[in-house]
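Counting in full-length UniProt numbering, the first sequence runs without a single skipped number right up to 173 at its last residue.
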Amino acid sequence: MNWTDERVEQLKKLWAEGLSASQIAAQLGGVSRNAVIGKVHRLKLSGRGKTTSSQTRSKKVNTAASSSQRSSSATVGHMSSRVVNRSVGATALQAEYSTDLVPMVTRTVTDVVVPISRKLELVELSERTCKWPVGDPLLPGFNFCGNDVGEGGPYCTYHSRLAYQPASDRRRR
DNA sequence: CCCTGATTCGC
DNA sequence: GCGAATCAGG
């Protein structure tokens, strides 16, 4: 892949937004984080104003979202990802996944506090990032939870709980 | 070990 | 100019 004007432009934009080099690389595709960093330096925009300081993500929690904590029929639907959250606060409270995608768990979701997801691109996933799908695979912006996985499973502790709850819960009713 | 950006240097 | 390898650090 070569640095077309468009790609350079997007690089500048994302870098200015405070995304890390690896995240930018993942979004652009076809380049490594090293390539991104190298390009950033050549463009001389290494000094990122004062925006989000990379690691140690912002702890800002979407206040609107944390309003009712439980039930609230979860905020479903794909909230045009992207801008929505760069915040990862492990304590964040909000369910963010498509009901269409996992209809069987929509009932149990009211019992579970789901942390805001990191919304990683497919290529950003590693063995320790939650692979719970977020959004519609057919629509742009589809990504994965990306939170740290629990006991080595494919999902973070929260999504594991969801996954383990069959539609017909065992606690008789 | 995970991740970050910075730097070097052969291509 | 490019980016892998490497370095320094949280």
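Ideal Cβ positions, reconstructed from N, Cα and C, are used throughout, including at glycine.
Start-to-end residues for the alpha helix (DSSP H) that takes in residue i
{"i": "residue 148", "result": "Note, residue 148: premise wrong, no alpha helix (DSSP H); not H, not E."}
{"i": "residue 14", "result": "5 to 17"}
{"i": "residue 39", "result": "33 to 42"}
Residue of the options minimising C-alpha distance to residue i
{"i": "residue 127", "options": "21, 145 and 153", "result": "153"}
{"i": "residue 13", "options": "117, 144 and 28", "result": "28"}
{"i": "residue 42", "options": "20, 11 and 18", "result": "11"}
{"i": "residue 3", "options": "38, 18, 117 and 120", "result": "38"}
{"i": "residue 117", "options": "147, 131, 129 and 155", "result": "147"}
Where residue i falls: helix, strand or coil (DSSP)
{"i": "residue 134", "result": "strand"}
{"i": "residue 143", "result": "strand"}
{"i": "residue 28", "result": "helix"}
{"i": "residue 120", "result": "strand"}
Own chain residues within Cβ distance below 7 Å of residue i, not counting five before or after
{"i": "residue 25", "result": "31, 32, 33, 35 and 36"}
{"i": "residue 46", "result": "40"}
{"i": "residue 120", "result": "129, 143, 144 and 146"}
Cβ-based neighbour list, residue i, same chain, cut-off 8 Å, excluding 5 preceding and 5 following
{"i": "residue 48", "result": "15, 16 and 18"}
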